[in-house]
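Protein chains in written order, with our numbering: chain A, 2 to 308; chain B, 2 to 308. Idealized CB from N, CA, C, for every residue including glycine. Note that the structure is predicted; figures quoted are calculated from it, not measured.
There are 2 protein chains.
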Amino acid sequence: MGYALSAEPQPRIVEVGPRDGLQNESAVVSAEKKAAFVDALAKTGLKEIETGAFVSPQAVPQMADTAEVFAKIQRRPGVVYSALVPNQKGLERAMQAGADKISVFTAASETFNQKNIRASISESIERFRPVIRETKAARLPLRAYISTAFHCPYEGPVKPVAVLPIVKTLMGLGVDELSIGDTIGKASPRDVRSLLKPLLDIVPVEKLFLHFHDTYGMAIANALTAWREFGVTGFDSSTGGLGGCPYAPGASGNIATEDLVFALSAEGADMGIDIEKLTAAARALVPSLGHPLDSRLSRVASTGRHS
Amino acid sequence: MGYALSAEPQPRIVEVGPRDGLQNESAVVSAEKKAAFVDALAKTGLKEIETGAFVSPQAVPQMADTAEVFAKIQRRPGVVYSALVPNQKGLERAMQAGADKISVFTAASETFNQKNIRASISESIERFRPVIRETKAARLPLRAYISTAFHCPYEGPVKPVAVLPIVKTLMGLGVDELSIGDTIGKASPRDVRSLLKPLLDIVPVEKLFLHFHDTYGMAIANALTAWREFGVTGFDSSTGGLGGCPYAPGASGNIATEDLVFALSAEGADMGIDIEKLTAAARALVPSLGHPLDSRLSRVASTGRHS
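See the structure below:
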């Protein structure tokens with residue numbers, strides 16, 4: 002069981018607040034404020050920001066102005082601005098907007114996939130097969146999300162045996178990285194170990210990102226387990242804990258970037274990310290959101306007591 | 002690094018919500034409601050409940066009616082009802098009230114001890130030397146708290162070398178168990194490992210309790226580290242996350258019992274504690290507290306979505 006030494010690869014964070022976070026907020030934030038949020042995040046030390054999604058504005062009104070957000074941001078050299086797309090039309094719009102990287106998504110639970118995107122898992126993969134082909138033709142890097150990889154809000158526990166074939170298919174299609182999601186935040190370190198053991202036999206560790214939600218308070222323990230015991234370095238997180246959990250209104254959603262950065266730093270990681278700037282970036286959105294931020298650090302930081 | 006197998010000793014929780022939790026709430030809850038809370042907790046499967054403190058009512062008005070709480074509770078066989086005392090007078094009152102177990106307290110930081118109880122560490126130990134003697138004469142079990150064993154809100158990081166001599170002194174005085182506190186919730190699993198390695202050379206593991214706060218979101222990761230890697234089975238927690246953090250108003254305080262039970266159970270522990278009943282016990286206090294509960298589980302449970 003390897004301790005993550007400083008000579009080992011350091012954790013990398015994909016910030017998903019502007020996309021996965023804001024997509025799950027009931028308030029619709031203006032394109033101007035979203036762009037200001039992305040710009041503030043780009044100054045914290047974060048190297049990748051999922052900036053929006055080119056999805057149906059009827060299905061996801063919160064993301065309807067993603068093209069405008071891309072037009073308004075001040076691009077910072079060295080920062081990757083990615084976009085999520087559901088199909089070829091979304092990909093075209095993402096490329097027009099100048100997205101640096103493309104994300105596609107499916108799930109490990111058939112019921113969840115049907116309810117979320119009205120497609121079976123294999124239909125969803127067929128649907129983004131041409132998206133992957135065109136993304137690669139355009140020489141853009143490609144990420145694939147697999148949601149409900151530990152628990153499904155409809156089906157309950159999801160076994161690794163359900164996740165691994167999807168991973169194999171996606172790796173065979175040539176995706177550059179995978180984001181494995183604990184969509185309802187119910188995974189424990191034991192679940193993380195059960196999945197990572199077989200998963201890392203088929204995915205190079207540097208292509209793997211874990212996307213934890215903190216609904217049940219397990220996200221930090223899960224992330225530290227993955228980093229310390231398996232050397233996983235890729236994590237998704239949402240500054241300010243934006244987004245909540247659509248399956249448990251009022252509960253926590255995505256792991257907060259500031260909480261994750263604090264935890265990994267406390268365990269010895271060299272993150273190079275400014276926690277004060279993260280919480281300040283999210284705090285500027287509070288008037289638009291209509292609720293306080295949902296991260297442990299933002300609550301301590303507001304008292305000026307955490308240094 | 003030993004995995005906690007089911008044949009190994011299971012985790013034990015000391016519920017500190019009625020004492021450490023309510024003591025740090027700004028609202029004063031009536032003795033009747035406190036007793037109802039303790040009675041509800043005793044029906045969840047918890048085996049020990051710190052029921053109150055016999056301290057100065059001027060210093061801690063929230064605990065002024067602890068004798069009344071002891072008089073009102075319906076004692077459940079097999080449940081230990083303990084009380085915290087600062088001196089011999091407090092001990093006499095605790096024994097009159099019928100406390101099953103006595104707790105005394107000091108800290109590993111001189112500055113914290115001075116500000117908290119106006120005594121140096123060694124003065125505080127001198128002060129409870131007769132308390133320990135009389136408690137042992139009465140054949141009551143005795144617990145000693147050591148606060149700020151990882152970080153001090155005034156002095157910053159606290160090194161194991163500052164904690165170990167206090168532990169040795171207390172063990173020499175014959176205390177039956179120690180509760181080692183991360184008072185401002187800033188410890189990381191790395192800090193836990195640093196302290197537990199030397200600590201377990203001088204304290205039998207069954208006499209050790211860890212008292213984590215979740216201010217920075219690290220409490221679950223810390224508890225799982227202590228259990229999995231060191232076989233620590235004793236943990237303090239506060240149902241509903243009652244109490245907050247006096248050093249960072251608005252921030253989280255004690256680790257919530259329901260979150261801890263969920264996490265340990267998810268990692269394979271057989272806790273025998275009913276999470277639904279825990280959150281219901283705390284929810285009954287919400288009108289008196291004037292704020293929502295501060296636990297991850299209570300927020301999910303309120304949606305009925307966590308089963």
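Residue i to residue j span [Cα, whole Å]
| i | j | result |
| --- | --- | --- |
| alanine 28 of chain B | aspartate 101 of chain A | 52 Å |
| lysine 73 of chain A | leucine 47 of chain A | 19 Å |
| serine 7 of chain A | leucine 265 of chain A | Note on serine 7 of chain A: pLDDT 48, under 50, position unreliable in the model; no value is reported. |
| proline 205 of chain B | proline 142 of chain B | 16 Å |
| leucine 23 of chain A | leucine 23 of chain B | 36 Å |
| arginine 76 of chain B | aspartate 40 of chain B | 8 Å |
| aspartate 271 of chain A | proline 12 of chain A | 8 Å |
| proline 293 of chain A | glycine 273 of chain B | 35 Å |
| threonine 136 of chain A | phenylalanine 106 of chain A | 14 Å |
| valine 262 of chain A | threonine 45 of chain A | 11 Å |
| serine 121 of chain B | glutamate 156 of chain B | 14 Å |
| isoleucine 118 of chain B | valine 61 of chain B | 11 Å |
| valine 193 of chain B | valine 164 of chain B | 12 Å |
| isoleucine 133 of chain A | arginine 191 of chain A | 33 Å |
| lysine 21 of chain B | leucine 174 of chain A | It should be pointed out that residue 21 of chain B corresponds to aspartate in this sequence rather than to lysine. When rounded, the distance between both Cα atoms is 55 Å. |
| methionine 172 of chain A | histidine 152 of chain A | 22 Å |
| glycine 305 of chain B | phenylalanine 231 of chain A | With a pLDDT of only 46 at glycine 305 of chain B, under 50, the local geometry of the prediction cannot be trusted, and the value read off the model is given with reservation. Computed Cα separation, rounded: 34 Å. |
| glutamine 115 of chain B | proline 166 of chain B | 18 Å |
| serine 299 of chain B | proline 250 of chain A | 12 Å |
| isoleucine 14 of chain A | alanine 108 of chain B | 37 Å |
| leucine 211 of chain B | threonine 67 of chain A | 48 Å |
| leucine 85 of chain B | leucine 85 of chain A | 55 Å |
Same chain, Cβ closer than 7 Å to residue i, neighbours up to 5 away in sequence not counted
| i | result |
| --- | --- |
| methionine 96 of chain B | Ala139 |
| threonine 170 of chain B | Ile126 |
| alanine 220 of chain A | Gly186, Phe213, His214, Ile256 |
| serine 289 of chain A | Ala28, Val30, Lys34 |
Residues sharing a beta bridge with residue i, DSSP
| i | result |
| --- | --- |
| alanine 84 of chain A | A:Gly53, A:Ile103 |
| alanine 138 of chain B | According to DSSP, which records beta bridges pairwise, alanine 138 of chain B is partnered with nothing at all. |
| phenylalanine 151 of chain B | Answer is none; phenylalanine 151 of chain B lacks a bridge partner. |
| asparagine 255 of chain A | A:His214 |
| glutamate 16 of chain A | A:Ile50, A:Ser238 |
| aspartate 183 of chain A | A:Phe213 |
| alanine 145 of chain A | A:Val105, A:Leu179 |
| proline 158 of chain B | B:His152 |
Proximal residues to residue i (C-beta, below 6 Å), its chain only, five neighbours per side dropped
| i | result |
| --- | --- |
| proline 58 of chain A | Ala65 |
| valine 17 of chain B | Glu51, Asp237, Ser239 |
| glycine 291 of chain B | Ala28 |
| aspartate 295 of chain B | Gly242, Ser253 |
| leucine 197 of chain A | Phe231 |
| cysteine 246 of chain B | Thr216, Ala252, Gly254 |
| serine 148 of chain B | Ala108, Gly182, Thr184 |
Residues near residue i in its chain [Cβ-Cβ closer than 8 Å; skip 5 each side]
| i | result |
| --- | --- |
| leucine 209 of chain B | Glu178, Leu179, Ile181, Leu200, Leu201, Val233, Gly235 |
| proline 154 of chain A | Phe113, Thr184, Ile185, Tyr248 |
| proline 19 of chain B | Lys35, Phe38, Val39, Leu42, Ile50, Glu51, Thr52, Gly53, Val70 |
| valine 80 of chain B | Ala43, Leu47, Lys48, Glu49, Ile50 |
| proline 10 of chain A | Glu207, Gly232, Thr234 |
| isoleucine 203 of chain A | Leu165, Val168, Lys169, Met172 |
Proximity below 9 Å, CB of residue i to CB of residue j
| i | j | result |
| --- | --- | --- |
| alanine 252 of chain A | arginine 94 of chain B | no |
| serine 83 of chain B | serine 110 of chain B | no |
| valine 162 of chain B | alanine 150 of chain B | no |
| alanine 222 of chain B | serine 195 of chain B | no |
| glycine 244 of chain B | glutamate 49 of chain B | no |
| valine 176 of chain A | alanine 145 of chain A | yes |
| proline 131 of chain A | glutamine 89 of chain A | yes |
| leucine 225 of chain B | glutamate 277 of chain B | no |
| arginine 128 of chain B | proline 87 of chain B | yes |
| glycine 91 of chain A | valine 56 of chain A | yes |
| leucine 286 of chain A | glycine 242 of chain A | no |
Any non-hydrogen atom of the ligand ADP within 8 Å of residue i CB
| i | result |
| --- | --- |
| leucine 200 of chain A | Absence of the ligand ADP from the depicted structure is noted, as is the absence of any ligand whatsoever, leaving it without description. |
Would you say the stretch 204-216 of chain A touches the stretch 253-264 of chain A, given that touching needs at least three Cβ pairs under 8 Å?
yes
For the stretch 32-46 of chain B against the stretch 282-297 of chain A, do three or more pairs of beta-carbon atoms, one drawn from each stretch, fall closer than 8 Å, so that the two count as touching?
no
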